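Residue numbers (the numbering used here), protein chains in the order written: chain B, 236 to 562; chain P, 236 to 562; chain G, 760 to 1099; chain X, 760 to 1099. We put the CB at the ideal spot given by N, CA and C, even for glycine. The model shown is predicted, which means the values in this text are computed figures rather than measured ones.
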Amino acid sequence: MTVKLYIDSIHDALQEEMRRDQGVFVVGEDVGVRGGVFRVTQGLIEEFGEMRVIDAPLAESAIVGVAIGAAAYGLKPVAEIQFADFILPAVNQIISEAAKMRYRSNNDWSCPLVVRAPYGGGVHGALYHSQSVEALFHHVPGLKVVMPATAADAKGLLLSAIRDPDPVLFFEHKALYRWVKDDVPDGDYTVPIGKARLVREGEDLTVITYGLMVHYAEEAARELEKEGVSIELLDLRTVSPLDREAILAAAKKTGKVLIVHEDNKTGGVGAEVSAIIAEEALFDLDAPIARLCGPDIPAMPFNPPQERFYMVNSEKIAQAMRKLAAF
Amino acid sequence: MTVKLYIDSIHDALQEEMRRDQGVFVVGEDVGVRGGVFRVTQGLIEEFGEMRVIDAPLAESAIVGVAIGAAAYGLKPVAEIQFADFILPAVNQIISEAAKMRYRSNNDWSCPLVVRAPYGGGVHGALYHSQSVEALFHHVPGLKVVMPATAADAKGLLLSAIRDPDPVLFFEHKALYRWVKDDVPDGDYTVPIGKARLVREGEDLTVITYGLMVHYAEEAARELEKEGVSIELLDLRTVSPLDREAILAAAKKTGKVLIVHEDNKTGGVGAEVSAIIAEEALFDLDAPIARLCGPDIPAMPFNPPQERFYMVNSEKIAQAMRKLAAF
Amino acid sequence: MNAQSLGVKAMTEKRHEKLGLTDQDVIKMYRYMVLTRGLDERMWLLNRAGKVPFVVSCKGQEAAQIGAAFALNPLRDYVLPYYRDLGVVLVFGQTAKDVMLSAFAKSEDPNSGGRQMPGHFGSREHHIVTGSSPVSTQIPHAVGIALAAKMKGDRLVAYTSFGEGSSNQGDFHEAANFAGVHHLPVVFFCENNKYAISVPLRKELACERVSDRAAGYGFPGVTVDGNDPLAVYQAMQEAVTRALNGEGPSLVEAMVDRLNPHSSDDDDRTYRSKEELEEAKRQDPIFSFRDYLLACGVLTEESERALRDEVTADINAATAYAEQAPYPEPEQALRYVFAE
Amino acid sequence: MNAQSLGVKAMTEKRHEKLGLTDQDVIKMYRYMVLTRGLDERMWLLNRAGKVPFVVSCKGQEAAQIGAAFALNPLRDYVLPYYRDLGVVLVFGQTAKDVMLSAFAKSEDPNSGGRQMPGHFGSREHHIVTGSSPVSTQIPHAVGIALAAKMKGDRLVAYTSFGEGSSNQGDFHEAANFAGVHHLPVVFFCENNKYAISVPLRKELACERVSDRAAGYGFPGVTVDGNDPLAVYQAMQEAVTRALNGEGPSLVEAMVDRLNPHSSDDDDRTYRSKEELEEAKRQDPIFSFRDYLLACGVLTEESERALRDEVTADINAATAYAEQAPYPEPEQALRYVFAE
Ligand SMILES: Cc1ncc(C[n+]2csc(CCOP(=O)(O)OP(=O)(O)O)c2C)c(N)n1
Ligand SMILES: Cc1ncc(C[n+]2csc(CCOP(=O)(O)OP(=O)(O)O)c2C)c(N)n1
Ligand SMILES: [Mg+2]
Ligand SMILES: [Mg+2]
């Protein structure tokens, strides 16, 4: 175990897997000599050369589309989209192609592709460098969507994603890169895709969340503990496929559920989590299923007061917890 | 009132609005001399000329992007995407641009654009001419998403959409085009965006749906009536913004809710409908909130047995109604 | 090229020999053209008879396709064909039976197990990469295959085809540029049939030729007569040689005529004049190539008839087999969303 | 062009007169260049001082921008500038105060009310169409504006700018083709600064010049020295004339140098040599244009200094105003998702 930054554990996963497997390569904008605009791929071009660390032309549909071709041929591309907001030009390649290659060929072809992208706000990123985009993809059969909250999960899930035989979208929260550090097992290990993590056990209410919000929810849970309210906190880690068993178990345990995400509320991942509970654990509930999410505005404004207004934070979560606990 | 086909009422809305308002024009693939591959725009080029009925080059991002520019300039473009499945190359223009122009300019610019697209399956359309795409957009603040089930609604909603000061996605079910006909008011009228339609009143359980499924649910409701089960049936008509009041009223009335859609289940519009109910009407429920939707497979296969397997139909709905009624 | 001028020229020279093609080679080419045409016409008939729900036709584009495919090596190269490229997948190893199984959407369909419409080719065994309906998405995939092969040191060519209309999609542009930057062994093959469904060239493109676009990606582009399989073969061979020599991609545009409506769902009478269509039919590449082969003595009237009879027998057997073959099981629709 | 050769030539001729520009015009051009540079440098300083969170710089590209904008008519034309086009929006009517309000993300920011990063221009009043961050999306919008104007019979030019890296996006291709097909009055202006963040030209593009791409869309493309505002003006003027005459779009590529890192978040030392940057700084267009104006007697040392002082005073006042201006109210973030 070594305490590592979230960003470093992602870097290490890439580096170690590129050493282990010649088929793994990285392609994206500025991933080479610049080492990525966030420095996730720093040093990789020096170690693995221009052929395996490809500074692509500025064209996301090609970055993903070319990676899909390489994946079909048997390589293991890890495509980087510079900001999750800029994945949209590649949506056709992701949804029409990557997600459907195995299915449409009746298992003859496949697409073992990873698309990495930094997402999320609270970093003065304004409308187009702050968005959460998981809701566009969690609905799409054939895609897996992973959103780690800790350094340990980031590495273990990224290794799982690269070794996965199907396409995986891997979203990294920008605010976590250099803020979160935790114990990361040394060497090779994987964290399974599709399994949630019970962050803390509690009796009074259940919070289900993922990404940056896991940390804010933890802060809020510690706060509520002081007030005598004990919180069960579930980190989904993978938003598609959802870990239904863990969701249902956590919901049933306390009978009160608060779903939290940074993304806009309507049609977000939280809606599906809520619907699963309402479909399969309704009579275990003692309170309406609450959602605390970003407001339904296009995205996070640049100016600090409005950015703060948009962001879900630990105070807002604590407030929602209190309300639900009192129900 | 005249009994009209769904497709004809869409055609008429376009024609009448183009007569009324010089600013309205149509742009898309094959919308001109061919009159659209489904013949929705038949005759328009003859009446309004090549300048207002534009056969665009095969490039959806440009079709939408150019229309956005024209809308910003003050015209009222109606862009046609030949099949909803092919809207994906235009997703960046729709989500990054159309949906955000008003917001990002602090109300200085706007985008009064309509994007029409035929969607849905059961027409031997196979994987890429059968998809429902509303779930990709209902999450996006700044977009309205309209999905009429009847000829009367199709015309009234399309007129509302064209006159709307903001972007509206207007999805037309292919199977309804020449199958459904109903009483359409003569002349100019609008149906408000964001208002659901109570199709039938009932006491035992509530079905909430939209599009083609409204008709299948009606068939099933008639069937169940014979069995002594009375069904409240709500046609959402607009999937974004959802008509929360109508949803909650219908849910509370019977205490049992079945949500039906053709689109894949996970993360579909039904999840949000369920979440709204679970958040605001939980204690009015007498049964878990059920969803009957397309399975989570990439799309509808071409061969008839598997296409039928995918499609939700009136028998499957009747089955789900019986189960819920017996709860 | 028209039939007559080709025939006359052929009296004095066997053009194919100059290209390194033997008499056997050109007979094979002709057989593939006839097989492609025969399958296409049969499927169209079956559609009109209500037996298959949808067909997309390659009628008129066979010479371009067979000329192109013969410049490739099915054991070495990969193809990412568009929906009309029936001739190419036949040369790459799909059989009449495979084609008919796909038309009838039967379980044994090698492309998709009956999941996709006909014309959506795919077969790992035959180096045919699975395709979809949204146009042009396959173009970056071809670039990715070429990139992967280069990384692994595999010597191959990735061939991808598309219509001139589809060359207006962003994916064409982005992929061509990527291939140009990395000097990848890709051949971009544009079958320019002058229509995108009903939209005529003048509303599709403002440049003279699609091949004019290659300069914007730093590689050569040529336009050839797609009714002449030997001209296409020659241009493709040059492109393949460049690719194999590490000189990078090429764009080859073949001018062809679409002799059928866009698909079985289309009716072209609203947008295409009878005269235009009749003129195109007079240029039918099957006839002109036959005339050439007869004129230079590679085929005789009898051997040509025998060849056609063999092909017809093959198609009949394939149709009969496919018609009675079973559909996939309904619940099997749930399989292969992910690896199992 | 370098300062000296320009200066020497200028001794014998006033190049701007040949282009129909008066002495007053070129002084105005120079003033705008100086104002653009001054605002840019001030914002960079404010960022380094921790006062504004983000800046994207146009340093080195002022001559291209001002040369381009002067060929347009702010009352008639519409601009869809990319994030570096500060010079263009100034010519179109934004003020130093507007720019500073945007840098500080204050409520009065005319672009977005403080919602967007600086460099995301927009102002209906000034015919500046609202822009976003994803590159190249504005290019089809420009085509749409030109289309709408043509439909309404309004005589105007839609100008849109982008970097050479952004010319690799599908949206560039699709929009250019659409404009070509419809002969629309659009000027595509590419500011080729030879980098897309850290990615150098040879990894971005395989063609010699971005202007080579115009042929693929059936309209002319030219490449000019972007350090020479008069050369840019001339090329732009030809493009504008073509557009207004109904002859369709043009692509003008200006070769420039980016004198700063990509943005305030970037550090260019890992990918750009000191020598290269120093050479670029020697070509600084502000100095060479000043030398030209001095050499041909349009400016004197004193009038030039006075001009600079005025500009600085303007920037100081704008900065002071913007710094103390209020932020928007938090709950106002909920407004204008839709029309109210
Ligand atoms: C992205 C996308 N948009 C629209 C369609 C519908 N469509 C299918 S083929 C076609 C025309 C293609 O024209 P072209 O590329 O010239 O090929 P051709 O059919 O003429 O051989 C269109 C519009 C599609 N398949 N994909
Ligand atoms: C679609 C999209 N992808 C990535 C980015 C991130 N990004 C911003 S500017 C830039 C480079 C642009 O290069 P170029 O077009 O040459 O313009 P320059 O900045 O050099 O003036 C990149 C990659 C973006 N803004 N949009
Ligand atoms: Mg064509
Ligand atoms: Mg650049």
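Using a cut-off of 9 Å between C-beta atoms, extract the partners of residue i located in chain X.
i             : result
serine 296/B  : Gln928 and Gly929
glycine 429/P : Those do not exist, as glycine 429/P stays about 10 Å from chain X at its closest Cβ, beyond 9 Å.
Can you give the beta carbon distance from residue i to residue j, rounded, assuming they're within the 8 Å contact cut?
i                : j                : result
glutamine 824/G  : glycine 846/G    : 3 Å
serine 345/P     : alanine 1098/X   : 7 Å
alanine 302/B    : asparagine 927/X : In fact, because the Cβ distance is near 16 Å, the residues do not count as touching under 8 Å.
leucine 543/B    : proline 1089/X   : The amino acid occupying residue 543/B in the given sequence is arginine; leucine does not appear at that position. About 7 Å separates the two Cβ atoms, so the contact holds.
threonine 444/B  : histidine 496/B  : 6 Å
asparagine 806/G : serine 1023/G    : 4 Å
So which residues of chain X does residue i contact, with C-beta pairs closer than 8 Å?
i                   : result
phenylalanine 544/B : Pro1089, Glu1090 and Ala1092
proline 539/B       : Ala864 and Tyr1086
Going by DSSP, which residues form a beta bridge with residue i?
i                 : result
aspartate 418/P   : Val238/P
methionine 1014/X : Asn951/X and Asp984/X
serine 882/G      : Ile887/G
serine 565/B      : One cannot answer for residue 565/B here, as it falls past the ends of chain B, which runs 236 to 562.
lysine 379/B      : Val403/B
glycine 779/X     : Bridge partners of glycine 779/X: none, in fact.
asparagine 499/P  : Gly529/P
leucine 718/X     : No information on residue 718/X is available, as it lies outside the stretch 760 to 1099 that chain X covers here.
serine 1009/G     : Val946/G
glutamate 315/P   : Gly263/P and Arg351/P
valine 958/X      : Ala955/X
arginine 432/P    : Asp470/P
isoleucine 494/B  : Ile443/B and Arg526/B
valine 815/G      : Ser1022/G
Show which residues of chain B have a CB atom less than 7 Å away from the CB atom of residue i.
i               : result
tyrosine 1095/G : Arg337, Tyr338, Asn341 and Asn342
Under 7 Å between beta-carbons, which chain X residues line up against residue i? List them in chain order, please.
i                : result
glycine 977/G    : Ala965 and Cys966
arginine 972/G   : Gly975
asparagine 936/G : Asn927, Leu964 and Ala965
histidine 932/G  : Gly929 and His932
Which chain P residues sit within Cβ distance under 7 Å of residue i?
i             : result
glycine 881/X : Ser340, Asp343 and Trp344
Using the beta-carbon of each residue, which ones in chain P are nearer than 8 Å to residue i?
i            : result
valine 940/X : Pro292
Just the chain P side, please: which residues come within less than 9 Å of residue i by C-beta, in chain order?
i               : result
glycine 872/X   : Ser340, Asn341, Asn342 and Asp343
glutamine 875/G : Ala361, Leu362, Tyr363, Pro536 and Phe537
Please list the partners that residue i has in chain G, where partner means a Cβ-to-Cβ separation under 9 Å.
i            : result
serine 331/B : Ser891, Ser892, Pro893 and Thr896
Going along chain B, which residues have a C-beta under 8 Å from residue i?
i                : result
threonine 1029/X : Val268, Arg269 and Gly270
Identify the contact partners of residue i in chain B, using a Cβ-Cβ distance below 9 Å as the criterion.
i             : result
glycine 878/X : Within chain B, no residue comes near glycine 878/X; the closest Cβ sits about 10 Å away, beyond 9 Å.
At a CB-CB cut-off below 7 Å, which residues of chain G make contact with residue i?
i                   : result
phenylalanine 321/P : Pro893
In chain G, which residues lie less than 8 Å from residue i when you measure between Cβ atoms?
i             : result
proline 376/B : Val1096
Name, please, each residue of chain D whose Cβ falls closer than 7 Å to the Cβ of residue i.
i               : result
aspartate 531/B : As a matter of chain content, chain D is missing from the structure shown, whose protein chains are B, P, G and X.
If contact is defined by three or more beta carbon pairs under 8 Å, each pair taking one atom from either stretch, is the segment 324-335 of chain P in contact with the segment 409-416 of chain P? no
So, does the segment 912-921 of chain X touch the segment 252-270 of chain P, judging by three or more C-beta pairs under 8 Å? no
Are three or more beta carbon pairs between the segment 778-785 of chain X and the segment 550-557 of chain P nearer than 8 Å? Contact fails: fewer than three Cβ-Cβ distances are below 8 Å.
For a minimum of 3 consecutive residues, which ranges assigned as the beta strand (DSSP E) are wholly contained in the segment 846-927 of chain G? 917-922
Alpha helix (DSSP H) runs contained entirely in the segment 452-480 of chain B, provided each spans 4 or more residues: As far as the segment 452-480 of chain B is concerned, it has no whole alpha helix (DSSP H) run of at least 4 residues.
Inspect the CB distances between the segment 368-381 of chain B and the segment 370-385 of chain P and report whether three or more fall short of 8 Å. yes
To test your reading of the DSSP string, which unbroken alpha helix (DSSP H) runs of 4 or more residues are found completely within the segment 255-301 of chain P? 279-283
Stretch-stretch touch, CB-based, cutoff 8 Å, three pairs: the segment 455-466 of chain B with the segment 427-447 of chain B: yes
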